[in-house]
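Take a look at the structure set out below.
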Amino acid sequence: MSQKLRVLLTGFGPFPGAPYNPTQPLVARLARLRRPALDDVELATHIFPVTYAAVDRQLPEVLAAQKPDALLMFGLAARTSYLRIETRARNAVTLLWPDAANTRSSKRGIAGHADAMLFGPHTARLLRAARLTGIDARASRDAGAYLCNYLSWRAIENARDGGPRLAAFIHIPLLARSGAVRLKGAPRITLEELVDAGEAMLMEMVRLARKARTS
Numbered sequence: 030m031s032q033k034l035r036v037l038l039t040g041f042g043p044f045p046g047a048p049y050n051p052t053q054p055l056v057a058r059l060a061r062l063r064r065p066a067l068d069d070v071e072l073a074t075h076i077f078p079v080t081y082a083a084v085d086r087q088l089p090e091v092l093a094a095q096k097p098d099a100l101l102m103f104g105l106a107a108r109t110s111y112l113r114i115e116t117r118a119r120n121a122v123t124l125l126w127p128d129a130a131n132t133r134s135s136k137r138g139i140a141g142h143a144d145a146m147l148f149g150p151h152t153a154r155l156l157r158a159a160r161l162t163g164i165d166a167r168a169s170r171d172a173g174a175y176l177c178n179y180l181s182w183r184a185i186e187n188a189r190d191g192g193p194r195l196a197a198f199i200h201i202p203l204l205a206r207s208g209a210v211r212l213k214g215a216p217r218i219t220l221e222e223l224v225d226a227g228e229a230m231l232m233e234m235v236r237l238a239r240k241a242r243t244s
């Protein structure tokens, strides 16, 4: 019997300004999916504390422990009303906002004067899969300068060093809670809509990972 495909799903915990992080319930819901297409797939999850030290320490640990074929990461973009499929990680760190351990970066970059790093062409496939569910999803070239971008950078670094080459980072908006609406009056994206889009992207990652194994 062939070894199961392994997909690692990650989210983040709360951080200053965001006591509720919807990536946690999203990752939990996706990990509980039961579909025929997932019979040969082992889903693992990890929630990162929103600190630079935790990402540096825990990402290598969880990748070494799980050895995933694909890595699907989620983060919160509270000021965005739609789903953002990040296409790259920028060599940038904010000096303004501390992490959840009240630590500020002492430098504006992650790795000297290095250029931005791309996730790869598979992000276009994820974008298409998400859009087919009816959700408002858009490609993004700017993952910010906080922990989401930092994790993206470290994940791409790891991919180039023998880690899972199928890595992607998805920014999600704040979700509808108690009938909340966006400033422009349109209903916010719900958790159910996000789970549907997340499932579509997960299935696409599984297809790509399966193809990579047999090619």
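The numbering of the sequence shown is our numbering, which starts it at 30 and goes up by one. Ideal placement from N, C-alpha and C gives every residue a C-beta, glycine not left out. Everything numeric in this text was worked out from a predicted model, so none of it was measured.
Limits of the beta strand (DSSP E) - the one that residue i falls within
i	result
residue 123	Neither: residue 123 is in no beta strand (DSSP E) and is coded neither H nor E.
residue 35	34-41
residue 167	166-169
Host alpha helix (DSSP H) of residue i (start-end)
i	result
residue 181	176-189
residue 200	Unbroken run through residue 200 is the beta strand (DSSP E), 195-201; no alpha helix (DSSP H).
residue 25	Since the first and last residues shown for the chain are 30 and 244, residue 25 lies out of range.
residue 69	Note, residue 69: premise wrong, no alpha helix (DSSP H); not H, not E.
residue 57	52-60
With 16 other Cβ atoms within 10 Å as the buried cut-off, status of residue i
i	result
residue 49	exposed
residue 141	exposed
residue 99	buried
residue 166	buried
residue 135	exposed
residue 66	exposed
residue 233	buried
residue 143	exposed
residue 196	buried
residue 169	buried
Whole-number beta carbon distance between residue j and residue i, since they are thought to touch under 8 Å
i	j	result
residue 115	residue 198	4 Å
residue 128	residue 44	7 Å
residue 36	residue 125	About 34 Å; that fails the 8 Å criterion.
residue 159	residue 112	6 Å
residue 57	residue 203	The Cβ separation is near 18 Å, so there is no contact.
residue 34	residue 235	6 Å
residue 59	residue 237	In fact, because the Cβ distance is near 16 Å, the residues do not count as touching under 8 Å.
residue 118	residue 172	6 Å
residue 200	residue 177	6 Å
residue 75	residue 39	5 Å
residue 161	residue 229	6 Å
Where residue i falls: helix, strand or coil (DSSP)
i	result
residue 246	Lying before the first or after the last residue shown, residue 246 is absent from the chain, which here runs from 30 to 244.
residue 223	helix
residue 113	strand
residue 94	helix
residue 161	coil
residue 147	strand
residue 238	helix
residue 153	helix
residue 140	coil
residue 83	helix
residue 172	coil
residue 204	coil
Cross-strand partners of residue i (DSSP beta bridge)
i	result
residue 129	Residue 129 pairs with nothing; no bridge assigned.
residue 47	44
Contact with chain B by residue i, beta-carbon distance below 8 Å
i	result
residue 97	Absent from the structure is chain B; it holds one protein chain and no more.
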